[in-house]
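Residue numbers (full-length UniProt numbering): 1 to 143.
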């Protein structure tokens, strides 16, 4: 299985099914692709003590990285073979502190795609639907 010969959706579905490895960032920020479909991805993400900020809570960079990942991967599911993307703008709203050692659900959705840009949004929630972070992103299509 060669990612260079696959669409973005095929790559993300292969990762979700364990046929391709997770991105190395998922070792630093524990997250897994659970679902990938055209224009949408769902991840699970869990902060641990290695993500502690100087005040003793989960560093905001944890949620920001998860939001960048799900918005970018949602965009990636719309791309063809040989196309890539780069984040050119990411806006993250922290809604409440992310807890330690609790698996959260991160979802990314494409809301608009043009010839060169993809706009997506992301949510980080717990199992009850409580919102921890919200993001919008703009990604440039690279070919």
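Note that CB positions come from ideal geometry on N, CA and C, so glycine has one too.
Apart from the five residues just before and just after residue i, which ones in its own chain have a Cβ nearer than 6 Å to its Cβ?
| i | result |
| --- | --- |
| residue 119 | 111, 112, 138 |
Which term fits residue i, buried or exposed, when burial requires 16 or more other beta carbons within 10 angstroms of its beta carbon?
| i | result |
| --- | --- |
| residue 84 | exposed |
| residue 50 | exposed |
| residue 8 | buried |
| residue 98 | buried |
| residue 11 | buried |
| residue 25 | exposed |
Which residues share a DSSP beta bridge with residue i?
| i | result |
| --- | --- |
| residue 13 | DSSP output for residue 13 lists no bridge partner at all. |
Grab me the residues of residue i's own chain with a C-beta within less than 7 Å of its C-beta, minus the 5 sequence neighbours each way, in chain order.
| i | result |
| --- | --- |
| residue 89 | 137, 138 |
| residue 3 | 11, 20 |
Taking only the alpha-carbon atoms, compute the straight-line gap between residue i and residue j and give it to the nearest angstrom.
| i | j | result |
| --- | --- | --- |
| residue 35 | residue 70 | 11 Å |
| residue 68 | residue 87 | 8 Å |
| residue 5 | residue 80 | 9 Å |
| residue 61 | residue 39 | 24 Å |
| residue 52 | residue 100 | 9 Å |
| residue 115 | residue 142 | 10 Å |
| residue 46 | residue 77 | 23 Å |
| residue 107 | residue 27 | 19 Å |
| residue 75 | residue 121 | 10 Å |
| residue 109 | residue 59 | 24 Å |
| residue 18 | residue 1 | 12 Å |
Can you give me the Cβ contacts of residue i inside the same chain, cut-off strictly under 8 Å, excluding the 5 residues immediately before and after it?
| i | result |
| --- | --- |
| residue 131 | 95, 96, 123, 124, 125 |
| residue 128 | none |
| residue 44 | 31, 32, 34, 103, 104, 105, 106 |
May I have a chain-ordered list of the beta strand (DSSP E) segments no shorter than 3 residues that lie completely inside the stretch 59-106? 84-94
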